[in-house]
Amino acid sequence: MSDLIGNRPTIYTKKWELWNSTDQTTQQERSAEISRLPSGLKIQAEIIEALWYYCSYADLDQLSNILAPNPLEEFSTELDNYEILAHPIVRNSKKLVIWRGRENFEPQRIDHRNIHLKNYDRRTLIRYMNAWIANGPEVGMEFFGDIKVIGKNLGKLLNSDIDEEEESMKEIMDLKKSESGGRRVKPDEGFPNTLYSISMPQTNNPNTEIQMSLIKIDSIYSPFLIHLKVQPSGTAIPEQPDSVYWKWKTWIIQKIFETGESRSLPGQLFVCFMYLLCGLLFSLIFLRLPSEKSDL
Numbered sequence: 134m135s136d137l138i139g140n141r142p143t144i145y146t147k148k149w150e151l152w153n154s155t156d157q158t159t160q161q162e163r164s165a166e167i168s169r170l171p172s173g174l175k176i177q178a179e180i181i182e183a184l185w186y187y188c189s190y191a192d193l194d195q196l197s198n199i200l201a202p203n204p205l206e207e208f209s210t211e212l213d214n215y216e217i218l219a220h221p222i223v224r225n226s227k228k229l230v231i232w233r234g235r236e237n238f239e240p241q242r243i244d245h246r247n248i249h250l251k252n253y254d255r256r257t258l259i260r261y262m263n264a265w266i267a268n269g270p271e272v273g274m275e276f277f278g279d280i281k282v283i284g285k286n287l288g289k290l291l292n293s294d295i296d297e298e299e300e301s302m303k304e305i306m307d308l309k310k311s312e313s314g315g316r317r318v319k320p321d322e323g324f325p326n327t328l329y330s331i332s333m334p335q336t337n338n339p340n341t342e343i344q345m346s347l348i349k350i351d352s353i354y355s356p357f358l359i360h361l362k363v364q365p366s367g368t369a370i371p372e373q374p375d376s377v378y379w380k381w382k383t384w385i386i387q388k389i390f391e392t393g394e395s396r397s398l399p400g401q402l403f404v405c406f407m408y409l410l411c412g413l414l415f416s417l418i419f420l421r422l423p424s425e426k427s428d429l
């Protein structure tokens, strides 16, 4: 080991992956793996990924002895226990990435300002997102979630599956916007691939808002990212006013969620009729504007 490292006091690495351990590996065995490193050596890492490593609070204490004092850019782990999430290595990291594990996500048990959930389907992710909002996040706190899409054709993901998922997420966001008295806003400049973005006032703090964005990402099975950020009210830039068409569509979506009318034949006919009516109103109101201006 010393021949490979030489006399360097610090090793720099982008990502430090902890793996090749199992639940059956004892604490003494894991500590022995770390103790084989040269005495006094420090490792400065930007990311620690402990996806295939059964990690305990004591393990992180051992890592603290060889980690450089700089805060991590990211700590990534499966949600198998909450104990390690209270460790200073994790709490001081700039981002906490949590992969689906044996535990359910409970935001009140996690003291971190930037949480990113991965490998969760839309329904589970939305439920956890709502719990995060209800927990009263403060200004500057962020929530990320990769939306896992499951194909209907024996697991094979088709373009139609992706399009349907995008439309479903936009409808959910429209409903949230309507229920909260929010508005559609321009995308966050930090996320150029944003497909749709809204701003919602926080009920527990009227001086803040939550900007919620749907973002396209380059991933095979999780093609969308949901992002929430708490910021002072008025930070988000309003998009063009919602048209009559979108307001009617939001009302229809809300009726579907409340009564489940779309499951019956009369409900389906009702939805089709309302969509046609919305389209007709949209055409009459907005397509006539240029001709009216020309008459002036």
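For the sequence shown, this note's numbering assigns the number 134 to the initial residue and increments by one for each residue that follows. Cβ atoms here follow ideal geometry from the backbone N, Cα and C, with glycine treated the same way.
Within 10 angstroms of its Cβ, does Glu342 collect 16 or more other Cβ (buried), or is it exposed? Residue 342 sits at position 209 when you count from the first residue of the sequence shown. Burial call: buried.
**Asked** Name the DSSP beta bridge partners of His74, please?
**Response** There is simply no residue 74 to check, as the chain begins at 134 and stops at 429 in what is shown.
Which residues bound the beta strand (DSSP E) around Ile295? Taking the first residue of the sequence shown as 1, we reach residue 295 at position 162. It is not in any beta strand (DSSP E) - Ile295 instead sits in the alpha helix (DSSP H) that spans Asn292 to Ser313.
Counting pairs of beta carbons, one from the stretch 256-265 and one from the stretch 219-231, are three or more of them closer than 8 angstroms? no
**Asked** In three-state terms, what does DSSP make of Asn286?
**Response** In the sequence shown, residue 286 corresponds to position 153, counting from 1. Looking at Asn286 - three-state DSSP - the assignment turns out to be strand.
Original post:
At which residues does the alpha helix (DSSP H) containing Val223 begin and terminate?
Top reply: Position 90 of the sequence shown, counting from 1, holds the residue named residue 223. That run of the alpha helix (DSSP H) goes Pro221 to Arg224.
Helix or strand or just coil, what does DSSP make of Tyr261? For the purposes of this step, residue 261 is identified with residue 128 of the sequence shown, where counting begins at 1. Note: Tyr261 maps to helix in three-state DSSP.
- Determine the extent of the alpha helix (DSSP H) in which Gln195 is found, giving its start and end residues. Here residue 195 corresponds to residue number 62 of the sequence shown, with the count starting at 1. Its alpha helix (DSSP H) spans residues Tyr190 to Ser197.
### Query
For Ala267, which of helix, strand or coil comes out of DSSP?
Position 134 of the sequence shown, counted from the first residue, corresponds to residue 267. Ala267: helix per DSSP, three-state reduction.
Report task. Report yes or no: do the stretch 269-278 and the stretch 306-323 share at least 3 C-beta pairs separated by less than 8 angstroms? Result -> no
| query | Is DSSP giving Ile331 helix, strand or coil here? | reply | Translated into positions along the sequence shown, residue 331 becomes position 198. It is a strand residue.
With Thr327 and Ser313 assumed to form a contact (beta carbons below 8 angstroms), what rounded beta-carbon distance in angstroms separates them? For the purposes of this step, residue 327 is identified with residue 194 of the sequence shown, where counting begins at 1. For the purposes of this step, residue 313 is identified with residue 180 of the sequence shown, where counting begins at 1. The Cβ separation is near 19 angstroms, so there is no contact.
Answer with yes or no whether the minimum CB distance from Tyr253 to chain D is below 8 angstroms.
-> Reference to chain D is not applicable here, since this structure consists of a single protein chain.
For this session: Just the C-alpha distance for Leu218 and Lys285, rounded to the nearest angstrom, thanks.
Result: Within the sequence shown, the letter at position 85 stands for residue 218. Within the sequence shown, the letter at position 152 stands for residue 285. Taking the straight line from one Cα to the other gives about 36 angstroms.
Can you find the residues in the same chain that come closer than 6 angstroms, C-beta to C-beta, to Tyr190, ignoring five residues on each side of it along the sequence? Start at 1 with the first residue of the sequence shown, and residue 190 comes out as number 57. Counting only Cβ-Cβ distances below 6 angstroms, and skipping sequence neighbours, we find Glu216, Ile217 and His220.
>> Residues in the same chain with beta-carbon distance under 7 angstroms from Lys349, minus the five sequence neighbours each way, listed in chain order, please.
In response: The sequence position of residue 349 within the sequence shown is 216, counting from 1. Counting only Cβ-Cβ distances below 7 angstroms, and skipping sequence neighbours, we find Asn326, Leu328, Pro356 and Phe357.
(Q) By alpha-carbon positions, which one of Lys310, Val282 and Ser311 ends up nearest to Glu299? (A) Your numbering for residue 299 matches position 166 in the sequence shown. Comparing Cα-Cα distances from Glu299 to each of Lys310, Val282 and Ser311, the minimum goes to Val282.
Which residues does DSSP list as the beta-bridge partners of Leu358? Counting from one through the sequence shown, the residue named residue 358 turns up at place 225. Partner(s): Asp279 and Ile348.
Please report the residue range of the beta strand (DSSP E) in which Ser209 lies.
Walking along the sequence shown from the start, residue 209 turns up at place 76. Glu207 to Glu211 is the span of the beta strand (DSSP E), which, as asked, contains Ser209.
The beta strand (DSSP E) with Lys148 in it runs from where to where? Here the question's residue 148 lines up with position 15 in the sequence shown. Note, Lys148: beta strand (DSSP E), Thr143 to Glu150.
For Glu207 and Glu179, I'd like the C-alpha separation in whole angstroms. As a working mapping, residue 207 is identified with position 74 in the sequence shown. As a working mapping, residue 179 is identified with position 46 in the sequence shown. Answer to the nearest angstrom: the Cα atoms are 7 angstroms apart.
So for Arg235, helix, strand or coil by DSSP? The sequence position of residue 235 within the sequence shown is 102, counting from 1. Three-state result, Arg235: coil.
Taking the alpha carbon of Arg317 as the point to measure from, which residue in Tyr354, Pro339, Thr368 and Tyr186 has its own alpha carbon closest? Translated into the one-based positions of the sequence shown, residue 317 becomes position 184. Nearest option by C-alpha distance: Thr368.
request  = Quick one: using the 10 Å Cβ neighbour count with 16 as the cut-off for buried, is Tyr261 buried or exposed?
outcome  = Along the sequence shown, one-based indexing puts residue 261 at 128. Flag for Tyr261 reads buried.
Original post:
So the beta strand (DSSP E) Lys175 belongs to, where does it begin and stop?
Top reply: Position 42 of the sequence shown, counting from 1, holds the residue named residue 175. Where Lys175 is concerned, the enclosing beta strand (DSSP E) stretches over Lys175 to Ala183.
My output table needs one value for Glu372: the three-state DSSP class, helix, strand or coil. For the purposes of this step, residue 372 is taken as residue 239 along the sequence shown, with counting starting at 1. DSSP places Glu372 in coil when its eight states are reduced to three.
- Query: Where does Ile217 fall in DSSP's three states?
  - Reply: Reading the sequence shown from its first residue, position 84 is the one you call residue 217. Of the three classes helix, strand and coil, the one that applies to Ile217 here is helix, per DSSP.
### Gln373 classed as buried or exposed, judged by whether at least 16 other C-beta atoms fall within 10 angstroms
Stepping through the sequence shown from its first residue, residue 373 is reached at position 240. Exposed is the call here.
Compare the beta carbon distance of Ala201 and Ile222 with 8 angstroms and say whether it is the shorter of the two. What you label residue 201 is simply residue 68 of the sequence shown in a count that begins at 1. What you label residue 222 is simply residue 89 of the sequence shown in a count that begins at 1. Not closer than 8 angstroms, so no.
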